[in-house]
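Enquirer: In my numbering, the protein residues as written are -8 to 396. The beta-carbon is built from N, C-alpha and C at its ideal position, and this holds for glycine as well. One structure is given below, represented as structure tokens, and several questions about it will come after.
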């Protein structure tokens, strides 16, 4: 079928192509018997966000369904089953986003076809360096901006509450912004943590992304965490936000329960501390089959192996160490690519470093079980003649979300 259609005996036609003249405004009036709301919700939860936007424009009735929380929740749930790549290109202070499905079983003879997804133009150009994606939203932490690529909307976070104990402009002050998702309340929350290296108390503030005025709230933390140089590195897994920090002289992984807004931490062992001491800014946290994973990119860059740590028991601070030794040929390739993340089935994904030519782009999958690399070419990343295009970043596990900020 060229178009997704539903047609009753009285001629109701819903189509994504825009060529049909039949209006869908009166769905229930034209259908006999009426199409149940739950069936419509189920059908439209499976279509892309761009199709939802088109239907929203032609039907007030459908627009009312698409705005309901039960529909947006179901749409996100369905989207989580079909994660995608998001490729960001920069040209003349504009971000061009391309999207491609994540392959289930990549092979050397396959390719990914990336299609134009969204064009983002901000009032002040902020770039797309080290973005964090969570359930369809993307945090650009350096400028405290959150955007929704599916809708093209973005939000600049308001200024945090002023605290006399941590004056602005003090070089000893470290500020970090993290994005989390409350699975129970089904709400996004932003954690803003300000700390000092000279022992003054930290400040911890939380902002809930919801309609109405956005306000920061102070939350308590009994620990004196100091964020490390890896300010951009954080991840939210099953409603818990993880990021690296110093607690005294020890390196720990901070755990922030997004629902209860309570803090805890997980110790790292001596073997991990030695690896982290080299380049803290190269630390990468990732979701490994529902568990917290950790990888130090800089340590492996010039070595002959890949070392991954996986949290097996948070209560007992127990980690497992996984070492994968590269062949001499694979070692040469790894030096020119960067760690992107891990797929749902456990494959490690690499991509070229920023400023790589976009007309010769690829992603690399490493299967930890077979210990083999698979290189997949990415097609469709267009370069406009005469423009200075720079490849900025690859995001893995991107899903569409219809939440309007």
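(1) By DSSP, does residue 309 sit in helix, in strand, or in coil?
(2) Is the separation between the beta-carbon of residue 186 and that of residue 193 shorter than 8 angstroms?
(3) For residue 130, which residues from the same chain have a beta carbon less than 6 angstroms from its beta carbon, with the 5 sequence-adjacent residues on both sides left out?
(4) Can you have a look at residue 344 and say buried or exposed, based on whether 16 or more other CB atoms are within 10 angstroms of its CB?
(5) Please confirm if the region 353 to 360 is in contact with the region 329 to 342, defined as three or more CB-CB distances below 8 angstroms between the two stretches.
(6) Measure the C-alpha to C-alpha separation of residue 355 and residue 342 and round it to an integer number of angstroms.
(7) Within the continuous beta strand (DSSP E) that includes residue 184, where are the two ends?
(8) Rounded to whole angstroms, what's the CA-CA distance from residue 258 to residue 74? Just pull it up for me.
(9) My assumption, with CB atoms under 8 angstroms, is that residue 200 sits in contact with residue 231. Please give the rounded CB distance.
(10) Pairing CB atoms from the region 93 to 105 with CB atoms from the region 367 to 374, are three or more of them under 8 angstroms?
(11) Cβ atoms of residue 176 and residue 250: under 8 angstroms apart, would you say?
(12) Just mark residue 310 as buried or exposed, buried being the case when its beta carbon has 16 or more other beta carbons within 10 Å.
(13) If you draw a straight line from the C-alpha of residue 31 to the C-alpha of residue 44, how long is it?
(14) From this set, 204, 145 and 283, which residue's C-alpha is nearest residue 86's C-alpha?
(15) Between residue 287 and residue 274, how many whole angstroms is the CB-CB distance? I'm expecting something under 8 angstroms.
(16) Pop quiz: residue 244 and residue 256 are said to be a contact at Cβ under 8 angstroms. What is the actual Cβ separation, rounded to whole angstroms?
(17) Which same chain residues end up closer than 7 angstroms to residue 315 when comparing Cβ atoms and leaving out the 5 residues on each side of it in sequence?
(18) What's the C-alpha gap between residue 92 and residue 228?
(19) Can you list, in chain order, the residues of its chain whose CB lies under 6 angstroms from that of residue 149, leaving out five sequence neighbours each side?
(20) Once the 5 residues before and after residue 308 are set aside, which same chain residues still bring their CB inside 7 angstroms of it?
(21) Look at the alpha carbon of residue 81 and the alpha carbon of residue 141, and state the distance between them as a whole number of angstroms.
(22) Does DSSP classify residue 58 as helix, strand or coil?
(23) Just curious, the beta strand (DSSP E) that residue 343 is in, first and last residue?
(24) Using 10 angstroms around the beta-carbon of residue 184, count the other beta-carbons present and answer buried if the total reaches 16, otherwise exposed.
(25) Measure the alpha-carbon distance for residue 135 versus residue 224 and round it to whole angstroms.
(26) Quick check: the Cα distance between residue 318 and residue 209, rounded to an integer number of angstroms?
(27) Can you tell me where the beta strand (DSSP E) holding residue 227 begins and where it ends?
(28) Based on the DSSP output, what are the partners of residue 300 in its beta bridges?
(29) According to DSSP, what are the bridge partners of residue 209?
(30) Among 197, 331 and 84, which has the Cα closest to the Cα of residue 167?
(31) When we look at the beta-carbon of residue 269 and count the other beta-carbons within 10 Å, is it buried (16 or more) or exposed?
(32) Just tell me which of 238, 39 and 151 has its CA closest to the CA of residue 195.
Expert: Short version:
(1) Residue 309: strand per DSSP, three-state reduction.
(2) Against a cut-off of 8 angstroms, the Cβ pair of residue 193 and residue 186 comes out as a contact.
(3) Taking C-beta separations shorter than 6 angstroms and ignoring five residues to either side along the sequence, the partners of residue 130 in its chain run 123, 137 and 170, following chain order.
(4) Burial is judged here by how many other beta carbons sit within 10 angstroms of a residue's own beta carbon; residue 344 has fewer than 16 and is exposed.
(5) At 8 angstroms Cβ cutoff, the stretches touch.
(6) Looking at the two C-alpha atoms, the distance is approximately 6 angstroms.
(7) In the DSSP annotation of this structure, the continuous segment of the beta strand (DSSP E) that includes residue 184 starts and ends at 178 to 187.
(8) Cα to Cα, residue 258 sits roughly 31 angstroms from residue 74.
(9) With a Cβ gap of about 18 angstroms, residue 200 and residue 231 do not count as contacting.
(10) In short, these stretches touch, since the Cβ pair count reaches three.
(11) Taking 8 angstroms as the Cβ cut-off, residue 250 and residue 176 qualify as a contacting pair.
(12) So residue 310 ends up on the buried side.
(13) Spanning the two alpha carbons is a distance of roughly 15 angstroms.
(14) Looking only at 204, 145 and 283, the smallest Cα-Cα distance to residue 86 is reached by 145.
(15) About 6 angstroms separates the beta carbon of residue 287 from that of residue 274, a gap short enough to meet the 8 angstroms contact definition.
(16) Contact between residue 244 and residue 256 holds: their C-beta atoms lie close to 6 angstroms from each other, under 8 angstroms.
(17) These residues qualify, in order along the chain: 296, 297, 359 and 362.
(18) Across the structure, residue 92 and residue 228 are spaced so that their CA atoms are roughly 22 angstroms apart.
(19) Around residue 149: 205.
(20) Cβ neighbours of residue 308 beyond the five flanking positions: 257 and 258.
(21) If I take the Cα positions, the gap works out to 18 angstroms.
(22) Residue 58: coil per DSSP, three-state reduction.
(23) Run containing residue 343: 339 to 343, per the beta strand (DSSP E) assignment.
(24) With 16 or more other Cβ atoms within 10 Å, it is buried.
(25) Their backbone Cα atoms lie some 14 angstroms apart in a straight line.
(26) Cα-Cα distance, rounded: 51 angstroms.
(27) Per DSSP, residue 227 belongs to the beta strand (DSSP E) from 225 to 228.
(28) As DSSP reads the structure, residue 300 sits in a beta bridge with 285 and 312.
(29) Per DSSP, the beta-bridge partners of residue 209 are 196.
(30) Taking each of 197, 331 and 84 in turn and checking the Cα distance to residue 167, the smallest one comes out for 197.
(31) Note that residue 269 has pLDDT 47, beneath the 50 cutoff, so the model's placement of it is unreliable and the number below is only indicative. So residue 269 ends up on the exposed side.
(32) The candidate whose alpha carbon is nearest that of residue 195 is 151.
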